[in-house]
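Remarks on the structure that follows.
Number of protein chains: 2
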Amino acid sequence: MGSASGPAAKKASAADVARHAGVSMQTVSRVARDLENVQPATRDRVRASMVELGYSPNRAARALRSGRFHTIGVIMFTLSSFGNTKFLEAIAEAAGLVGYTITLLPVSQRTRGEVTGAIARLSEQAVDGVVIVIEADLLSEDDVDLPADVPVVIIDSSRLSERPFIDTDQALGARLATQHLLDLGHETVWHIAGPQTFYAARRREAAWREVLESHGREVPPPFTGDWSTGSGYRAGLEIARRPEITAVFVANDGMALGLLRACHELGRDVPSTLSIVGFDDMTESESFWPPLTTIHQHFDEVGRSSVAMLVAQIERTTPTPVTMVPVDLVVRASTAPPPGA
Amino acid sequence: MGSASGPAAKKASAADVARHAGVSMQTVSRVARDLENVQPATRDRVRASMVELGYSPNRAARALRSGRFHTIGVIMFTLSSFGNTKFLEAIAEAAGLVGYTITLLPVSQRTRGEVTGAIARLSEQAVDGVVIVIEADLLSEDDVDLPADVPVVIIDSSRLSERPFIDTDQALGARLATQHLLDLGHETVWHIAGPQTFYAARRREAAWREVLESHGREVPPPFTGDWSTGSGYRAGLEIARRPEITAVFVANDGMALGLLRACHELGRDVPSTLSIVGFDDMTESESFWPPLTTIHQHFDEVGRSSVAMLVAQIERTTPTPVTMVPVDLVVRASTAPPPGA
DNA sequence: CTCCACGATGTTTACGTCAACATCACGGAG
DNA sequence: CTCCGTGATGTTGACGTAAACATCGTGGAG
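In order, the protein sequences belong to chains A and B. According to the numbering used here, the first sequence holds residues 4 to 344 in order. According to the numbering used here, the second sequence holds residues 4 to 344 in order.
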């Protein structure tokens, strides 16, 4: 109950405050924006009136006048993926620190049409700029031209776009994972890849292949999943039955969990007869059985940087030129030397 | 390149379109809003001009004039919890369907002060209403009075607030879980509770207790975790060592995963010597080892309803009076009759 | 044939703020 | 003592839209 707001009173405007404090609207505006040239006494009086009337500036009017919404739009397909969620959280937090708010511009279907639509509708959104968290395949500039007047940052490791982008160093992660397994003494490393429409999936697969080739090892045909635990499980049902497979690099932790499940069902012991490395280091991975060796992505760092780059564009300050964020190999109990060793 | 936008041209306004099409601004406005009373010929001409000039209405001006932002604010502590993520996704999708956009109003710390602050700043946000996804403890009306003029829906099962609220039927879920274990023949059921500051945790614990008491069973002292896998693991280290414990109802799937890990480490077989039921049915739960019996929450339904209720308030249409969303027991492989049976 | 109702379209104004410019008081330099 | 610079404060006028009201033309009822 605290403050007594008038009955059904419309919200107080700067003019109301001005009248109440006996000053001009402009002075109210100056106080509201914390500008320098206002006498302390006046400032206090205006502040008191603002509190008493429950005044707060109207964002719409501010935006109309200044052309700035102090809002960043985020375009992503889904919140169901661990990475996207972490990105969003990091973006929201970083944006908050520099006075921006996040607006979700959802795209329901993973189709080019939806993306194009969302981007086309961009200019009628109340945003100053946009962070796009969508696989590059659907963003090649030929099909979707981003409005030239909207600041954009793309979270993606494709270099197809001419817009600023940033992402995890996918190749580094895949290299670390594959190398770790080779270092343990495995003859070669198998792979469960993500869907090929995802640039990240292709990068991880390519880097895995390169490491094997550079060591002169046989490159086994990769399995392909869709990131889901179910697809990892299905690949796992075959892998668990083939004793010649002793090491697998899985393109994400979810599919690795599915693989683990298949191994348990078929009695294939991990890590003594099969080593597994995942990718993402999702929250639960350390509690899988066995705890999963994986590649830790710094989602928060990527999110933070994307905001920094975007705000630099919006406010035309010096851009932050970070474009690749490194990863860490986290060794847990799902990897070990091969059976014979 | 497609459309040829003038060099550094300012955005076209309704006045520009009006001039170009030879009509009044008002007619442009009518066409833009798809109102009825415009002659087809005129409408087409205006539409053509809009396309040619690349016109799109200015949200700020619209909001200023109409007082509506067509935006819903969401206040939540974190995106790291499975439930919150699902809520947000459902809210965003449902909002999109009725022409609203979602803005994130983040609260970094789980403290009363932060919540109060976020709510106090509410009226200066560009939102028409707010969905609050925060445990009731921090929202008891004594401390935090929600601005009376802002439509609010609270996702929470506390009945403390006088504002509209909606939530999963926590008690039903806990009852189903506990009953399921008793039905299998277990003498009693132990419990790993969530943090007591969460209303949901208290509700689940209370319902678990009631079921046991109503069957005249002993009520063992509950363990208490903090929702994290780590806390479930720590409780699990003790549980796995006590053979008299044959059934555990865990307040969320994450802690259940931790318990599973402890059981694996200590060689306690699930479900033959210990049955486990979780709560949430997170995406990964069916791939745990063994796949987890759990309570499926309809997060999407709760999210959808919250939007419906909020939009009803904003647009003063008939409110949707749903306040409790049921749950389903999903039986998987982590539960079985007790060892002796 | 006249009048009026009705639908289509135009004109005016206000929404709340901020930028640009105007004014005003004061005090120090000459 | 006058002049003018300086800093505080006031006045005016957009920003782009939509509501309220005004106008215009047309066709049907009487």
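Using N, Cα and C, we set each Cβ at its ideal position, and we do this for glycine too.
| Query | Result |
| --- | --- |
| Would B/I100 be called buried (16 or more neighbouring beta carbons within 10 Å of its own) or exposed? | Looking at the sequence provided, one finds Leu at residue 100 of chain B rather than Ile. With fewer than 16 Cβ atoms within 10 Å of its Cβ, B/L100 is classed as exposed. |
| Please report the straight-line C-alpha distance between B/M327 and A/A204, rounded to a whole angstrom. | 41 Å |
| Among the residues of its own chain, which have a CB less than 6 Å from the CB of A/P294, if the five just before and after it don't count? | R335 and A336 |
| Between which two residues does the beta strand (DSSP E) harbouring B/T74 extend? | T74 to M79 |
| Using a C-beta to C-beta distance shorter than 7 Å, which residues of chain B count as neighbours of A/Y202? | Those within 7 Å of A/Y202 in chain B number zero; the least Cβ separation is about 23 Å. |
| What are the partner residues of A/M327, as DSSP defines its beta bridges? | A/D170 |
| Can a CB atom of chain B be found closer than 8 Å to the CB of A/D39? | The question names Asp, but residue 39 of chain A is Glu in the sequence shown. Closer than 8 Å: no. |
| Have a look at B/R319 and B/A311 and give me their C-alpha separation to the nearest angstrom. | 11 Å |
| Considering only their Cβ atoms, is the gap separating B/T171 from B/V305 smaller than 8 Å? | yes |
| State yes or no: is the beta carbon of B/H267 nearer than 8 Å to at least one beta carbon in chain A? | yes |
| Below 7 Å on C-beta distance, what does B/P60 contact in chain A? | E127 |
| Helix, strand or coil for A/L277, going by three-state DSSP, please let me know. | coil |
| Within a Cβ cutoff of 7 Å, which residues of the same chain sit near A/L260, ignoring the five residues on either side of it in sequence? | T232, G235 and F291 |
| Just to check my reading of the structure: B/S27 and B/A35 have Cβ atoms closer than 8 Å, yes? What is that Cβ distance to the nearest angstrom? | Not confirmed; about 13 Å, so no contact. |
| Using a cut-off of 7 Å between C-beta atoms, extract the partners of A/Y1 located in chain B. | Any question about residue 1 of chain A goes unanswered here, given that chain A covers just 4 to 344. |
| Which residues of the stretch 242-272 of chain A have a Cβ closer than 8 Å to any Cβ of chain B? Give them in chain order. | G257, L260, G261, L263, R264 and H267 |
| How far does the alpha helix (DSSP H) with A/T88 in it reach, from first residue to last? | F85 to L100 |
| Could you tell me whether the stretch 189-201 of chain B touches the stretch 210-224 of chain B, where touching means 3 or more Cβ pairs closer than 8 Å? | yes |
| For A/A129, I'd like the list of residues in its chain whose CB is within less than 8 Å of its CB, leaving aside the five on either flank, ordered along the chain. | A66, F72, T74 and T106 |
| Which residues of chain B have a Cβ atom closer than 9 Å to the Cβ of A/S83, listed in chain order? | T88, K89, E92 and T286 |
| For chain A, find out if any of its Cβ atoms is closer than 8 Å to the Cβ of B/F168; answer yes or no. | no |
| Take A/V77 as the anchor and find which of A/A93, A/A63 and A/R68 has the nearest alpha-carbon. | A/A93 |
| B/H267 by DSSP, collapsed to three states: which one? | helix |
| What does A/W292 reach in chain B if we use C-beta pairs closer than 7 Å? | L263, R264, H267 and W292 |
| Show which residues of chain A have a CB atom less than 9 Å away from the CB atom of B/Y185. | Note on residue identity: the sequence assigns Leu, not Tyr, to residue 185 of chain B. Under the 9 Å cutoff, chain A gives no residues; its nearest Cβ is about 27 Å from B/L185. |
| Going by the DSSP bridge assignment, what does A/G132 pair with across the sheet? | A/I75 |
| Starting from the beta carbon of A/L295, find every residue of chain B whose beta carbon is closer than 7 Å, and list them in chain order. | Those within 7 Å of A/L295 in chain B number zero; the least Cβ separation is about 11 Å. |
| Quick check: the Cα distance between B/T30 and B/E55, rounded to an integer number of angstroms? | 17 Å |
| Tell me the DSSP secondary structure of A/F291 in three-state form. | coil |
| Just to make sure I have the definition right: I need the residues of chain A whose C-beta is within less than 7 Å of the C-beta of B/T276. Which are they? | Near B/T276 there are no residues of chain A at all, since even the closest Cβ is about 16 Å away, more than 7 Å. |
| Starting from B/A250, trace the beta strand (DSSP E) both ways and give me its first and last residue. | A250 to V253 |
| Would you identify the three-state DSSP class for A/G5, choosing helix, strand or coil? | Model confidence at A/G5 stands at a pLDDT of 35, short of 50, so the residue's coordinates are unreliable; what they give is reported in the following sentence. A/G5 falls in the coil class under three-state DSSP. |
| Measuring only the C-alpha atoms, how far is A/D159 from B/A98? | 27 Å |
| With B/H299 as the anchor, note down where its alpha helix (DSSP H) starts and where it stops. | Run containing B/H299: none in the alpha helix (DSSP H); it sits in the beta strand (DSSP E), T297 to Q300. |
| Between the stretch 197-217 of chain B and the stretch 176-188 of chain B, do at least 3 Cβ pairs fall closer than 8 Å? | yes |
| Using a C-beta to C-beta distance shorter than 7 Å, which residues of chain B count as neighbours of A/T191? | Ordered by position in chain B, no residue passes the 7 Å Cβ test against A/T191, which lies about 26 Å from the chain. |
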